[in-house]
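Only one structure is covered here, and it is reproduced in the block below.
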Amino acid sequence: MKKSFHQTLTSLSTKYGPVLYLRLGCRNLLVVSSPSALEECFTKNDIVFANRPPAMAADKFSFNNNALIWAPYGHLWRMLRRLMGVEFFSSNKSSALRSEEIGILIRDLFKARCNKNGSSSAKIDLSSWFFTFAFNTVMRIGFGKRCVSEEDIGTEKGKQIIEEIREFLFATLVFLNMCDFLPVLKRFGYKGIEKEMDSAHKKRNVYLNSLLHEFQHNKGSISVSESSTDRNSEKKDTLVGTLLSLQESEPEFYTDDLIKSVILVLLIAGTETTSTTIQWAIRLLLAHPEAFHKLRAEIDSKVGNERLLNESDFTYLPYLHCVINEALRLYPPVPLLLPHYSLEDCTVGGYDVPKHTILMVNAWAIHRDPKLWDEPEKFKPERFEGMEGENEGFKYKFIPFGMGRRACPGAAMGIRTVSLVLGSLIQCFDWKSSEENYNMDECYDSKIASGKDKPLEVVCIPRNDRIQLLSQL
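In this note's numbering, the protein residues as written are 1218 to 1690.
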């Protein structure tokens, strides 16, 4: 497999058809890459494929399979999904924090640009800024504190903090590896995979324990000037505060392992995917100036220059939603959706599929299928104009967040976050990129969140008619 896995599977599907049955080592693998096969998997066979396959990653990272991503379909999974929907993905609880964090991001970018001594060619590494924004937002919703203080955002100290966290948080983070397909390799310590996983999980565990310990001892980012009432309110409004309160009444269910598993999923799934999607959208807009100016015109006409864009504006910014959808179509954060696992025999596309088969959905192939999309390799946000909710014309051919029971529960929150960041950046700044004539697909892989290896370095210039607004932030 010389190309990345999703591209290899796409080539096979092009040659042999949209329903592939492969034997990889000792595991059966079903790969689907058509809307009809996808619909069959997640309607008629939705419960059959509602589980995750046994995997070394689940054993090492999920704290006894207590994580929402890995939890077996059943009572635990339902409880976790309901909990996350109410306590984390609720727009009412997170909207104010997102708006505050985007205000900080815009203000700090403006300050950083002013500190460049007027240089019109000074570059800013937006990759680091975006991940810091995403991580701080998740940390505030979860713990009521930032990971990187406002003073350190964009500085070398802030970058070092983020890089240290990313190093162990995303280390060896692959859902399935060679040892899952050939378990005998584990006996020989194949490429040190298991040892690396154990080491990474130990570091994650230490980090999560320190966060919980800090939270329980009223540390974090609460200032000494705040009253004890403010502290208790801050703790109560966080996800971890809610989980610890529930632990007091149901300690046998809300164990420390369950709490840590919830936090770990949020820190991983809620940061890199968001950051990466924003980067792809910016790259695509810079490569297509006509789309950039069309989006800016929409924002200027609906929002103006006297205030920052907010979430209540989204209804009046349809092209912003089109741009984000098109970025997700071309570069879905997870090109091969997280694998499913059949616990019963079933049929897909007229073929018999035995139980204990791993199902992989090739979102990359579906999103770029010329039978489904006009000029699929081109960036054309207009193709999504008129799309409302789950429009039938897009339902099974646009799947960046998955389908069925195991679809991403944070899809709506992710879209709101990306919309807020992208719209605010376009509203306030002009952007110039030095990246020319590059092939964006070359650095796109099948990690949990696919992005370019080299950072997004751009020239950030405050718009002349936004200087007053930015100065007031």
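Every residue gets a Cβ at the ideal spot worked out from N, C-alpha and C, and that includes glycine.
Task: Contacts around residue 1353, its chain only, beta-carbon distance under 7 Å, and the 5 residues preceding and following it disregarded - done: Your numbering for residue 1353 matches position 136 in the sequence shown. Hits under 7 Å: 1318, 1363, 1364 and 1365.
Task: residue 1466 versus residue 1675 - alpha carbon distance - done: In the sequence shown, the residue the question calls residue 1466 occupies position 249. In the sequence shown, the residue the question calls residue 1675 occupies position 458. Cα-Cα distance, rounded: 51 Å.
Task: Option nearest residue 1222 by Cα separation, candidates 1553, 1387 and 1530 - done: On the sequence shown, position 5 is the one that residue 1222 refers to. That would be 1553, whose Cα lies nearest to the Cα of residue 1222.
Open item on the list: Checking 8 Å against the spacing of the C-beta atoms, do residue 1600 and residue 1586 come in under that value?
Closed with: Locating residue 1600 in the sequence shown gives position 383, counting from the first residue. Locating residue 1586 in the sequence shown gives position 369, counting from the first residue. No, these two residues do not count as a Cβ contact at 8 Å.
Open item on the list: Can you confirm whether the segment 1412 to 1423 touches the segment 1372 to 1392 when touching is taken to mean that 3 or more C-beta pairs between the two stretches lie within less than 8 Å?
Closed with: yes
- [ ] Classify residue 1532 as buried or exposed, calling it buried when 16 or more other Cβ atoms lie within 10 Å of its own Cβ.
- [x] As a first step, residue 1532 must be located in the sequence shown, where it is residue number 315. Exposed is the call here.
Task: Bridge partners - residue 1491, DSSP secondary structure assignment - done: Your numbering for residue 1491 matches position 274 in the sequence shown. Partner(s): none; residue 1491 has no beta bridge.
Task: Where residue 1645 falls: helix, strand or coil (DSSP) - done: Translated into positions along the sequence shown, residue 1645 becomes position 428. The answer is helix: DSSP assigns residue 1645 an H, G or I state.
- [ ] Would you grab the beta carbon distance between residue 1361 and residue 1488 for me? Rounded to a whole angstrom, and I think it's under 8 Å.
- [x] Taking the first residue of the sequence shown as position 1, residue 1361 is located at position 144. Taking the first residue of the sequence shown as position 1, residue 1488 is located at position 271. Not confirmed; about 17 Å, so no contact.
Open item on the list: Between the alpha carbons of residue 1377 and residue 1389, how many angstroms are there, rounded?
Closed with: The sequence position of residue 1377 within the sequence shown is 160, counting from 1. The sequence position of residue 1389 within the sequence shown is 172, counting from 1. Approximately 20 Å between the Cα atoms of the pair.
Task: residue 1233 versus residue 1253 - alpha carbon distance - done: Translated into the one-based positions of the sequence shown, residue 1233 becomes position 16. Translated into the one-based positions of the sequence shown, residue 1253 becomes position 36. Near 16 Å, if we compare the C-alpha coordinates of residue 1253 and residue 1233.
Task: Backbone CA spacing between residue 1220 and residue 1486 [nearest angstrom] - done: If you number the sequence shown from 1, residue 1220 lands on position 3. If you number the sequence shown from 1, residue 1486 lands on position 269. Near 25 Å, if we compare the C-alpha coordinates of residue 1486 and residue 1220.
Open item on the list: Tell me which residues share the same chain as residue 1266 and place their Cβ nearer than 6 Å to its Cβ, disregarding the 5 neighbours each side in the sequence.
Closed with: For this step, residue 1266 is matched to residue 49 along the sequence shown. Same-chain partners within the cutoff: 1258, 1557, 1559 and 1576.
Task: Top-ranked residue by Cα proximity to residue 1647, from 1293, 1326 and 1276 - done: Residue 1647 sits at position 430 when you count from the first residue of the sequence shown. Measuring C-alpha to C-alpha distances from residue 1647 to each of 1293, 1326 and 1276 identifies 1326 as the nearest.
Open item on the list: Do residue 1643 and residue 1546 count as a contact pair if the criterion is CB distance below 8 Å?
Closed with: Within the sequence shown, numbered from 1, the residue matching residue 1546 stands at position 329. Within the sequence shown, numbered from 1, the residue matching residue 1643 stands at position 426. In this structure, residue 1643 does not lie closer than 8 Å to residue 1546 by Cβ.
Task: residue 1563 beta carbon less than 8 Å from that of residue 1262 - done: For the purposes of this step, residue 1262 is taken as the residue at position 45 of the sequence shown. For the purposes of this step, residue 1563 is taken as the residue at position 346 of the sequence shown. Cβ atoms of residue 1262 and residue 1563: closer than 8 Å.
TODO: Specify the secondary structure class of residue 1341 as computed by DSSP and reduced to three states.
DONE: Within the sequence shown, the letter at position 124 stands for residue 1341. Three-state DSSP puts residue 1341 in a strand.
- [ ] Rounded to whole angstroms, what's the CA-CA distance from residue 1279 to residue 1555? Just pull it up for me.
- [x] Indexing the sequence shown from 1 puts residue 1279 at position 62. Indexing the sequence shown from 1 puts residue 1555 at position 338. Those two C-alpha atoms are separated by around 15 Å.
TODO: Let me know if residue 1623 comes out buried or exposed under the rule of 16 or more other beta-carbons within 10 Å of its beta-carbon.
DONE: Your numbering for residue 1623 matches position 406 in the sequence shown. Classification of residue 1623: buried, given that the 10 Å Cβ count is 16 or more.
Task: For residue 1283 and residue 1475, believed in contact at Cβ under 8 Å, the rounded distance - done: Counting from one through the sequence shown, the residue named residue 1475 turns up at place 258. Counting from one through the sequence shown, the residue named residue 1283 turns up at place 66. Residue 1475 to residue 1283, Cβ: 4 Å. Contact.
TODO: Verify whether the separation of the beta carbon atoms of residue 1256 and residue 1613 is less than 8 Å.
DONE: Walking along the sequence shown from the start, residue 1256 turns up at place 39. Walking along the sequence shown from the start, residue 1613 turns up at place 396. Yes, they are a contact pair.
Open item on the list: So, at 7 Å on beta carbons, what are the nonlocal neighbours of residue 1471 in its own chain, with the 5 sequence-adjacent residues on each side left out?
Closed with: In the sequence shown, residue 1471 corresponds to position 254, counting from 1. Sequence-distant partners of residue 1471 (beyond 5 residues in either direction) whose C-beta falls short of 7 Å from its own C-beta, in its chain, are 1460, 1463 and 1464.
Task: CA nearest to the CA of residue 1270, picked from 1294, 1393 and 1602 - done: Within the sequence shown, numbered from 1, the residue matching residue 1270 stands at position 53. For the residues 1294, 1393 and 1602, the minimum Cα distance to residue 1270 belongs to 1393.
Open item on the list: For a quick check, are the C-beta atoms of residue 1371 and residue 1525 less than 8 Å apart?
Closed with: On the sequence shown, residue 1371 is found 154 positions in, with the first residue counted as 1. On the sequence shown, residue 1525 is found 308 positions in, with the first residue counted as 1. No, they are not a contact pair.
- [ ] Can you have a look at residue 1602 and say buried or exposed, based on whether 16 or more other CB atoms are within 10 angstroms of its CB?
- [x] By one-based count along the sequence shown, residue 1602 stands at place 385. When all chains shown are included, residue 1602 counts as exposed.
Task: Residue environment, residue 1260, which counts as buried when at least 16 other CB atoms sit within 10 Å - done: Within the sequence shown, numbered from 1, the residue matching residue 1260 stands at position 43. Its Cβ having fewer than 16 others within 10 Å, residue 1260 is exposed.
TODO: Kindly indicate the opening and closing residues of the beta strand (DSSP E) around residue 1239.
DONE: Taking the first residue of the sequence shown as position 1, residue 1239 is located at position 22. 1236 to 1241 is the extent of the beta strand (DSSP E) around residue 1239.
Task: Whole-Å CB distance - residue 1348 paired with residue 1379, under 8 Å assumed - done: In the sequence shown, the residue the question calls residue 1348 occupies position 131. In the sequence shown, the residue the question calls residue 1379 occupies position 162. The Cβ separation is near 6 Å, so the contact holds.
- [ ] With DSSP as the reference, label residue 1622 as helix, strand or coil.
- [x] Working through the sequence shown from its first residue, we reach residue 1622 at position 405. Residue state, collapsed to three classes: coil.
Task: Burial state of residue 1243 (16 or more Cβ within 10 Å) - done: The count along the sequence shown starts at 1 and reaches residue 1243 at position 26. Classification of residue 1243: exposed, given that the 10 Å Cβ count is below 16.
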